[in-house]
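Asks:
Residue numbers (this note's numbering), protein chains in the order written: chain A, 112 to 435; chain B, 57 to 383.
(1) Less than 7 Å between C-beta atoms, sequence neighbours within five positions excluded: which residues of the same chain meet that for residue 162(B)?
(2) Is there at least one Cβ from chain A nearer than 8 Å to residue 291(B)'s Cβ?
(3) When you compare each of 301(A), 375(A) and 384(A) to residue 246(B) by their alpha carbons, which one comes out closest?
(4) State the DSSP-derived secondary structure class of residue 206(A), mapped to helix, strand or coil.
(5) If we define contact as Cβ-Cβ less than 8 Å, is residue 278(B) a contact residue for chain A?
(6) Please state the DSSP three-state secondary structure of residue 237(B).
(7) Could you tell me the distance, in whole angstroms, from the CA atom of residue 257(A) to the CA atom of residue 353(B)?
(8) Classify residue 252(B) as helix, strand or coil using the three-state DSSP reduction.
(9) If you measure from the beta carbon of residue 139(B) to each beta carbon in chain A, is any gap under 8 Å?
(10) By the three-class DSSP mapping on this structure, what secondary structure does residue 103(B) have?
(11) Taking only the alpha-carbon atoms, compute the straight-line gap between residue 239(B) and residue 255(B) and give it to the nearest angstrom.
(12) Please name the residue in 390(A), 418(A), 388(A) and 434(A) whose C-alpha comes closest to that of residue 409(A).
(13) Does any residue of chain B have a CB that is nearer than 8 Å to the CB of residue 339(A)?
(14) In this structure, does DSSP put residue 230(B) in helix, strand or coil?
(15) Going along chain A in order, which residues have a C-beta closer than 7 Å to the C-beta of residue 275(B)?
(16) Given that a residue counts as buried once 16 or more other Cβ atoms are within 10 Å of its Cβ, and exposed if not, what is residue 57(B)?
(17) Just the Cα atoms here: how many angstroms apart are residue 63(B) and residue 278(A)?
(18) From 122(B), 197(B) and 215(B), pick the residue whose C-alpha is nearest to that of residue 160(B); which is it?
(19) Which word fits residue 375(B), buried or exposed, when buried means at least 16 other C-beta atoms lie within 10 angstroms of its C-beta?
(20) Give a yes or no on whether 8 Å exceeds the smallest Cβ distance from residue 214(B) to chain A.
(21) Measure from the alpha carbon of residue 151(A) to the alpha carbon of each residue in 282(A), 363(A), 264(A) and 163(A), then state which is nearest.
(22) Could you tell me the distance, in whole angstroms, from the CA atom of residue 187(A) to the CA atom of residue 198(A)?
(23) Tell me the residue span of the alpha helix (DSSP H) that contains residue 307(B).
(24) With 8 Å as the threshold, decide whether the Cβ of residue 311(B) is near any Cβ in chain A.
(25) Relative to the C-alpha of residue 392(A), which candidate in 276(A), 343(A) and 267(A) has its C-alpha closest?
(26) Would you mind working out which of 202(A), 311(A) and 212(A) sits nearest residue 246(A), comparing C-alpha positions?
(27) Is residue 209(A) closer than 8 Å to residue 318(A) when the C-beta atoms are compared?
(28) Relative to the C-alpha of residue 129(B), which candidate in 93(B), 65(B) and 242(B) has its C-alpha closest?
(29) Can you give the Cα-Cα distance for residue 366(B) and residue 307(B), rounded to whole angstroms?
(30) Are the C-beta atoms of residue 496(A) and some chain B residue less than 8 Å apart?
(31) Going residue by residue through the segment 170-196 of chain A, where are the continuous beta strand (DSSP E) segments of at least 3 residues, counting only ones entirely within it?
(32) Which residues, taken in chain order from the segment 324-342 of chain B, show a beta carbon closer than 7 Å to some beta carbon of chain A?
(33) Pick from 103(B), 133(B), 109(B) and 192(B): whose alpha carbon is nearest that of residue 59(B)?
(34) For residue 324(A), go through chain B and note every residue whose CB falls closer than 9 Å to its CB, in chain order.
(35) Can a CB atom of chain A be found closer than 8 Å to the CB of residue 57(B)?
(36) If you draw a straight line from the C-alpha of residue 146(A) to the C-alpha of residue 349(B), how long is it?
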């Protein structure tokens with residue numbers, strides 16, 4: 112049984128300008144100890160998917176229209192607040208993109224670090240502080256005994272992200288959701304943080320959902336990758352299979368537009384047009400208006416993921432029919 | 057190598073840091089740019105890379121004289137910008153334009169595209185008022201925007217389109233040099249490719265020189281002829297894009313190159329990555345000697361005391377005391 116299994120999740124935002132279908136029928140699952148990458152451009156629904164699972168979608172304007180998310184037998188989308196409180200922050204933890212704004216600037220990091228321990232377990236403050244200290248050591252903060260009493264502004268961006276990771280992992284969660292944790296960081300610091308997540312994942316045998324727009328990050332870190340576009344999953348496969356044999360036209364186009372994979376001085380491959388406006392209904396494939404091999408049927412017929420061997424699934428109906 | 061279009065001679069930009077409210081006292085100096093010399097040839101694309109806080113944006117602003125130079129000279133086609141009067145500088149800026157990082161913040165939300173693009177044309181009197189509409193339309197077509205959007209406002213455009221407007225604004229005066237400060241880092245991959253192609257095309261068609269600032273090495277390598285790597289206000293390596301990025305010499309460049317994740321799982325999992333310890337040091341109180349020595353895996357005792365200079369080595373310039381000795 113998978114650790115987390117999401118079925119037909121739909122999260123819509125009801126705004127003045129219409130219904131914005133941020134996540135529109137997403138299903139996936141993740142096993143214990145596995146690393147799943149979710150890749151997509153901004154507005155593809157990758158963050159909203161995870162916010163929905165964690166119950167962090169502001170309601171209103173957001174509304175979870177349908178779907179289930181079973182985590183170890185509990186449906187996260189339909190459980191009582193009490194049940195979800197006992198899971199979130201203890202067995203499921205999350206780290207966010209911007210370490211500058213996701214720590215409370217008024218609280219010493221020692222207080223922020225031990226908060227999940229005090230809430231979720233019967234543990235004395237002193238014991239909790241000891242654990243916090245060893246956690247800070249584990250994420251590579253030098254001189255942790257002194258720095259644990261600092262305020263967030265006394266740390267650099269990379270250090271704050273380490274504190275965030277320490278805070279998320281202090282309860283030894285079974286699932287970590289990381290929403291673009293390295294996007295705001297420099298490449299050398301990003302390399303440090305990625306190594307750290309890899310090492311801690313092995314130590315704790317956690318499952319990790321890693322959200323990013325950077326295909327490079329995914330290639331070194333994830334076991335499996337799913338690509339999102341227009342609020343839907345359009346392709347999912349093992350990392351090697353996705354990189355070496357992408358099937359969906361969008362994944363192919365995305366790969367071709369990365370500068371490092373192209374001959375220097377040549378024109379970069381570009382995807383014409385812009386991502387779809389999610390406030391208008393998209394009956395067919397969301398990528399059809401930009402797709403070079405789209406036909407009329409692509410714009411009308413609903414898409415569905417279909418397996419194409421080796422655990423690889425993709426949603427392009429023309430590829431499924433063997434036409435391209 | 058006749059005369060370069062833009063030349064920087066030992067440019068320094070320092071900021072004084074004050075502490076206290078009533079009795080402000082001088083607490084130190086941030087040496088954001090500390091002795092940078094560069095030449096940019098006509099029609100050349102020079103990439104400038106470095107981590108946040110290394111002074112690359114300060115250097116960009118200093119080139120345009122948006123910040124005063126503390127020492128050194130910025131020469132545009134042989135004339136020193138640092139010695140110009142404010143009035144002369146306005147005229148000079150026709151030849152020197154900038155594209156900023158955030159297209160959401162660098163366009164005035166209350167000005168339509170037409171007003172944004174017409175303003176430089178009228179201010180500098182480069183075209184007759186009755187031709188403005190025609191010139192603006194041409195500019196928009198040139199950067200790939202339909203001219204029927206002329207009366208729209210920035211909020212009606214996406215990030216990529218706004219960056220096109222910002223580029224059109226920079227092109228309006230037919231400048232000789234454009235400084236682009238992280239023009240694609242706020243954009244998605246597929247949109248980023250469109251803007252990179254546009255910039256490369258414009259450089260080719262209009263004979264522009266471009267200073268392209270970014271922290272993404274793969275983007276810089278793709279577009280640049282030469283690349284300068286900055287660390288803590290100084291250039292540590294300078295050479296052709298393929299020399300510097302494919303065969304880096306300076307330990308910092310090596311670490312930077314090895315830190316970029318490659319979108320190729322087999323390569324990514326098998327290669328040895330140099331993970332630098334710590335963060336870049338504070339520019340208020342930089343380390344002695346070579347400023348990179350506390351994080352450098354190859355540092356020796358001499359690196360702590362001796363300040364390295366840029367020296368030619370294998371078709372490029374490197375500032376490392378141990379150049380040539382490194383494995």
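Ideal Cβ positions, reconstructed from N, Cα and C, are used throughout, including at glycine.
Replies: Looking at the atomic coordinates:
(1) 156 and 222
(2) No, because no Cβ of chain A sits closer than 8 Å to the Cβ of residue 291(B).
(3) 384(A)
(4) strand
(5) Taking Cβ atoms only, chain A reaches closer than 8 Å to residue 278(B), which makes this a yes.
(6) strand
(7) 27 Å
(8) helix
(9) no
(10) In this structure, residue 103(B) counts as strand in the three-state DSSP scheme.
(11) 10 Å
(12) Of 390(A), 418(A), 388(A) and 434(A), the residue nearest in Cα terms is 434(A).
(13) no
(14) coil
(15) 370
(16) Low per-residue confidence applies at residue 57(B): pLDDT is 49, beneath 50, and the placement is therefore not dependable, though the value from the model is reported in the following sentence. With fewer than 16 Cβ atoms within 10 Å of its Cβ, residue 57(B) is classed as exposed.
(17) 49 Å
(18) 215(B)
(19) Buried: at least 16 other Cβ atoms inside 10 Å.
(20) At a cut-off of 8 Å between beta-carbon atoms, residue 214(B) makes contact with chain A.
(21) With distances taken between CA atoms, residue 151(A) lies nearest to 363(A) out of 282(A), 363(A), 264(A) and 163(A).
(22) 9 Å
(23) 307-315
(24) yes
(25) 343(A)
(26) Checking every option, the nearest Cα to that of residue 246(A) belongs to 311(A).
(27) no
(28) 65(B)
(29) Cα-Cα distance, rounded: 14 Å.
(30) Residue 496(A) is absent from the model: chain A starts at 112 and stops at 435.
(31) 173-182
(32) 324, 325, 329, 331, 332 and 335
(33) Nearest Cα to residue 59(B) within the set 103(B), 133(B), 109(B) and 192(B): 133(B).
(34) Ordered by position in chain B, the residues that pass the 9 Å Cβ test against residue 324(A) are 244 and 245.
(35) At residue 57(B), the pLDDT of 49 sits below 50, so the modelled position is not reliable; the number obtained from the coordinates is stated separately. With 8 Å as the cut-off, residue 57(B) does not count as an interface residue toward chain A.
(36) Their backbone Cα atoms lie some 36 Å apart in a straight line.
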